[in-house]
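All the letters of the sequence shown, read from the start, carry residue numbers 154 to 562 under the numbering used here. Cβ atoms here follow ideal geometry from the backbone N, Cα and C, with glycine treated the same way. Computed from a predicted model, the values in this text were never measured in an experiment.
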Amino acid sequence: MTEIRIDGARLWKSLMDMAKIGATDKGGVCRLALTDVDKAARDLFVKWCEEAGCEVTVDRMGNIFGRRAGRDPSSPPVMTGSHIDSQPTGGKFDGIYGVLAGLEVIRALNDAGVSTNAPIEVSAWTNEEGSRFAPAMVASGVFAGVFDLDYGLGRKDLDGKTIGEELARIGYAGDAPVGKPVRAFFEAHIEQGPILEAEQTTIGVVTHAQGQRWYECTFTGQEAHAGPTPMRTRRDALVGAARVIDAVNRIGHANAPLACATVGLVQVFPNSRNTIPGRVFFTVDLRHPDDATLRAMDAELRAAVAKTSEEIGLQSALEEIWYSPPVPFDVECVAAVRRAAERLGYSHRDIVSGAGHDACYVARVAPTAMVFIPCEGGISHNEIESATPEHVAAGCQVLLEAMLERAGR
Ligand code: HGY
Ligand code: MN
Ligand code: MN
Numbered sequence: 154m155t156e157i158r159i160d161g162a163r164l165w166k167s168l169m170d171m172a173k174i175g176a177t178d179k180g181g182v183c184r185l186a187l188t189d190v191d192k193a194a195r196d197l198f199v200k201w202c203e204e205a206g207c208e209v210t211v212d213r214m215g216n217i218f219g220r221r222a223g224r225d226p227s228s229p230p231v232m233t234g235s236h237i238d239s240q241p242t243g244g245k246f247d248g249i250y251g252v253l254a255g256l257e258v259i260r261a262l263n264d265a266g267v268s269t270n271a272p273i274e275v276s277a278w279t280n281e282e283g284s285r286f287a288p289a290m291v292a293s294g295v296f297a298g299v300f301d302l303d304y305g306l307g308r309k310d311l312d313g314k315t316i317g318e319e320l321a322r323i324g325y326a327g328d329a330p331v332g333k334p335v336r337a338f339f340e341a342h343i344e345q346g347p348i349l350e351a352e353q354t355t356i357g358v359v360t361h362a363q364g365q366r367w368y369e370c371t372f373t374g375q376e377a378h379a380g381p382t383p384m385r386t387r388r389d390a391l392v393g394a395a396r397v398i399d400a401v402n403r404i405g406h407a408n409a410p411l412a413c414a415t416v417g418l419v420q421v422f423p424n425s426r427n428t429i430p431g432r433v434f435f436t437v438d439l440r441h442p443d444d445a446t447l448r449a450m451d452a453e454l455r456a457a458v459a460k461t462s463e464e465i466g467l468q469s470a471l472e473e474i475w476y477s478p479p480v481p482f483d484v485e486c487v488a489a490v491r492r493a494a495e496r497l498g499y500s501h502r503d504i505v506s507g508a509g510h511d512a513c514y515v516a517r518v519a520p521t522a523m524v525f526i527p528c529e530g531g532i533s534h535n536e537i538e539s540a541t542p543e544h545v546a547a548g549c550q551v552l553l554e555a556m557l558e559r560a561g562r
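What follows is the structure, encoded as structure tokens:
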């Protein structure tokens, strides 16, 4: 076990200072990707990296890298990091914990005057959430070669603004190429689920992340007057959406306990109380750790859409916009996390991530693992999201130990 200790109070203060950017009345944050609020948080992160002596680079997808030099400048970096952007009703820890825990590792190494053989880098990945721009993790996806740069820069929000335009607008359209050799990548994150807290376990040793499929569905029927139009002649798009939304929920329950199925975004047109909805746009998010089961859930969704269209006489357009297969993390990196938790005497257990993370894509181009800590009530993507200073510090200490093992002192 190393004698280097992270400074938990400093990390907690950084988290609370960062949480002031985009703070909401209910104690959460709203820092949608590439908004002015995201820019302000990025600027603060860059300032802190520079104060810690890091060389900061930004690549063409706006991914930020703070680099602490190693003795061997030719060695690929041991990297950590996560994301700064949040959900519209996000919390103070999702993503930003992994970014600032990575910065704290660098600050702690500086305090200890310790050099590492490989450079150490802390990263902040653009648009991990997939809330403003879909899909999620698009910038780490470009970094991993899953998406090409034009696709990534061309992704549009609901107002038609592209990632490329917004990066330029906030001054984060970097010129570094997207993608480079990475010796190992470790991401610290809150679990965002109930397991660690329920088992009173401090560290989650993440072995895998589940697969996910995202869809966009449009039902088109016919606008008509809510008064004189007989029920038998209606082609009500919202009734169609309601039936499929219920079917999505049933698909999740039918494949429980590991499946997840969610409709989070619905747009009704013309959205007027006395006009029968002629068109409804909605999204579907299906997840499962087993790829074959996820494929079966896909088939069930398609059948439900076809059946509903037939029953109500609607036109339907169901597009799968994103497929992220289940991810096994690197056995050696996972073992480094487990050994670190053991050396430090923290309770720990292996766990599968229900959420997607940038680590899921970086895992395609570098040995990768994750460190989870509990969050209160397992609640995330909610302004009440919370974690304890003790768990925040423990996860960061495990991160430092695992990274040092790979970076070489
Ligand atoms: O959707 C997810 O799993 C992550 O929050 N992007
Ligand atoms: Mn996250
Ligand atoms: Mn999230």
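Using a threshold of 7 Å, state whether the C-beta atoms of Ala390 and Phe372 are closer than that.
Here residue 390 is taken as the residue at index 237 of the sequence shown, counted from 1. Here residue 372 is taken as the residue at index 219 of the sequence shown, counted from 1. Yes, they are a contact pair.
With three or more C-beta pairs closer than 8 Å as the rule, is the region 205-225 touching the region 265-281?
yes
Beta-bridge partners of Leu439, as assigned by DSSP
The residue labelled residue 439 in the question sits at position 286 within the sequence shown. Paired residues: Arg366, Ala414.
Euclidean distance between Cα positions of Tyr368 and Leu439:
Taking the sequence shown and counting its residues from 1, one reaches residue 368 at position 215. Taking the sequence shown and counting its residues from 1, one reaches residue 439 at position 286. Going by the C-alpha atoms only, they are around 9 Å apart.
Assuming Gly234 is part of the beta strand (DSSP E), what are its boundary residues?
Mapped onto the sequence shown, residue 234 falls at position 81. Start and end: 231-236.
Using a 10 Å radius around the Cβ and a threshold of 16 neighbouring Cβ atoms, would you call Leu557 buried or exposed?
Reading the sequence shown from its first residue, position 404 is the one you call residue 557. That one is buried.
Is Gly324 near ligand 2 - that is, is its Cβ less than 6 Å away from at least one heavy atom of it?
Taking the first residue of the sequence shown as 1, we reach residue 324 at position 171. No, since every heavy atom of ligand 2 falls outside the 6 Å radius drawn around the Cβ of Gly324.
State the DSSP-derived secondary structure class of Leu471, mapped to helix, strand or coil.
Here residue 471 refers to the residue found at position 318 when the sequence shown is read from its first residue. Leu471 falls in the strand class under three-state DSSP.
Compute the minimum distance between the beta carbon of Val282 and the heavy atoms of ligand 3, and state whether it is under 6 Å.
Here residue 282 corresponds to residue number 129 of the sequence shown, with the count starting at 1. Reading off the sequence, residue 282 comes out as Glu, not Val. Because some heavy atom of ligand 3 lies under 6 Å away, the Cβ of Glu282 counts as near it: yes.
Given a cut-off of 7 Å on the beta-carbon distance, is the pair Gly215 and Thr279 in contact?
Locating residue 215 in the sequence shown gives position 62, where the first residue counts as 1. Locating residue 279 in the sequence shown gives position 126, where the first residue counts as 1. In this structure, Thr279 lies closer than 7 Å to Gly215 by Cβ.
If you count every other CB in all the chains shown that lies within 10 Å of the CB of Asp511, and 16 or more means buried, which is it?
Indexing the sequence shown from 1 puts residue 511 at position 358. Asp511 is buried by the Cβ-count criterion.
Report the rounded CA-to-CA distance for Ser228 versus Arg260, giving the unit in angstroms.
As a working note, residue 228 is residue 75 in the sequence shown. As a working note, residue 260 is residue 107 in the sequence shown. For Ser228 and Arg260, the distance between alpha carbons rounds to 21 Å.
From which residue to which residue does the beta strand (DSSP E) around Ser228 run?
The sequence position of residue 228 within the sequence shown is 75, counting from 1. Note, Ser228: premise wrong, no beta strand (DSSP E); not H, not E.
Determine, using beta carbons only, whether Ser293 comes closer than 7 Å to chain C.
Looking at the structure shown, chain C is missing, and only one protein chain is on hand.
Heavy atom of ligand 2 less than 6 Å from the Cβ of Asp238, yes or no?
Position 85 of the sequence shown holds residue 238. It does not: the Cβ of Asp238 is nowhere closer than 6 Å to a heavy atom of ligand 2.
Distance check for Thr386 and Glu306, CA to CA, integer angstroms please.
The residue labelled residue 306 in the question sits at position 153 within the sequence shown. The residue labelled residue 386 in the question sits at position 233 within the sequence shown. The question names Glu, but residue 306 in the sequence shown is Leu. Taking the straight line joining both Cα atoms gives about 44 Å.
Rounded separation between Asp303 and Pro241 - CA only
Counted from its first residue, the sequence shown places residue 303 at position 150. Counted from its first residue, the sequence shown places residue 241 at position 88. Their backbone Cα atoms lie some 26 Å apart in a straight line.
What does the alpha-carbon distance come out to for the pair Ala254 and Glu495?
Reading the sequence shown from its first residue, position 101 is the one you call residue 254. Reading the sequence shown from its first residue, position 342 is the one you call residue 495. Roughly 19 Å between the two C-alpha positions.
Using only the alpha-carbon positions, how far apart do Phe246 and Gln375 sit?
The residue labelled residue 246 in the question sits at position 93 within the sequence shown. The residue labelled residue 375 in the question sits at position 222 within the sequence shown. Approximately 44 Å between the Cα atoms of the pair.
From this set, Gly266, Val515, Glu344, Arg388, which residue's C-alpha is nearest Glu463's C-alpha?
Sequence index remark: in the sequence shown, residue 463 carries index 310 (1-based). Checked all of Gly266, Val515, Glu344, Arg388; the closest Cα to Glu463 is Arg388.
Short Cβ contact (7 Å threshold) for Ala493 with Val335:
Here residue 493 refers to the residue found at position 340 when the sequence shown is read from its first residue. Here residue 335 refers to the residue found at position 182 when the sequence shown is read from its first residue. In this structure, Val335 does not lie closer than 7 Å to Ala493 by Cβ.
Keeping to the same chain, check which residues put their C-beta closer than 6 Å to that of Lys309; ignore five residues upstream and five downstream.
Position 156 of the sequence shown, counted from the start, is the residue given in the question as residue 309. Once the five neighbours on either side are set aside, the close Cβ partners of Lys309 are Thr315.
Does the contact criterion of 3 or more C-beta pairs under 8 Å hold for the region 523-541 versus the region 339-347?
yes
Which runs of the beta strand (DSSP E), 3 residues or longer, sit entirely within the region 158-217?
208-211
Within a Cβ cutoff of 7 Å, which residues of the same chain sit near Glu352, ignoring the five residues on either side of it in sequence?
Residue numbering aside, residue 352 sits at position 199 when the sequence shown is read from its first letter. Around Glu352: Arg502.
Counting along the chain, where does the alpha helix (DSSP H) carrying Phe296 start and finish?
Stepping through the sequence shown from its first residue, residue 296 is reached at position 143. Taken as a continuous stretch (DSSP letters only), the alpha helix (DSSP H) holding Phe296 covers 291-296.
Note down, in chain order, each residue of its chain lying with its Cβ closer than 6 Å to the Cβ of Gln420, except the 5 sequence neighbours on either side.
Indexing the sequence shown from 1 puts residue 420 at position 267. So the qualifying residues of the chain are Phe434.
May I ask you to list the residues that DSSP assigns as paired with Lys460?
Taking the sequence shown and counting its residues from 1, one reaches residue 460 at position 307. Looking at the DSSP assignment, Lys460 forms no beta bridge with any residue, so it has no partner.
Can you tell me whether Leu467 is buried or exposed? The criterion is at least 16 other CB atoms within 10 Å of its CB, across all chains shown.
The sequence position of residue 467 within the sequence shown is 314, counting from 1. Looking at its Cβ environment, which holds 16 or more other Cβ atoms inside 10 Å, Leu467 is buried.
Proximity winner among Val359, Cys370, Cys413, Pro430, relative to Ala377 (alpha-carbon distances):
Here residue 377 is taken as the residue at index 224 of the sequence shown, counted from 1. Here the closest residue by C-alpha is Pro430.
Which residue comes first and which comes last in the beta strand (DSSP E) that contains Met523?
As a position in the sequence shown, residue 523 is number 370, starting the count at 1. Taken as a continuous stretch (DSSP letters only), the beta strand (DSSP E) holding Met523 covers 521-526.
Using only Cβ atoms and a threshold of 5 Å, which residues come within that distance of a heavy atom of ligand 2? Order them by chain position.
Asp247, Gly248
Assess, as a yes-or-no matter, whether the region 184-202 is touched by the region 283-292 under the definition of 3 or more beta carbon pairs within less than 8 Å.
yes
I need the straight-line Cα distance from Leu418 to Gly248, nearest angstrom please.
The residue labelled residue 418 in the question sits at position 265 within the sequence shown. The residue labelled residue 248 in the question sits at position 95 within the sequence shown. Their Cα atoms are separated by approximately 22 Å.
Look at the Cβ atom of Ile356, then the Cβ atom of Val551, and state whether they are nearer than 7 Å.
Reading the sequence shown from its first residue, position 203 is the one you call residue 356. Reading the sequence shown from its first residue, position 398 is the one you call residue 551. Yes, these two residues count as a Cβ contact at 7 Å.
Residues near Trp475 by beta carbon distance below 6 Å, same chain, minus five either side
What you label residue 475 is simply residue 322 of the sequence shown in a count that begins at 1. Pro288, Trp367.
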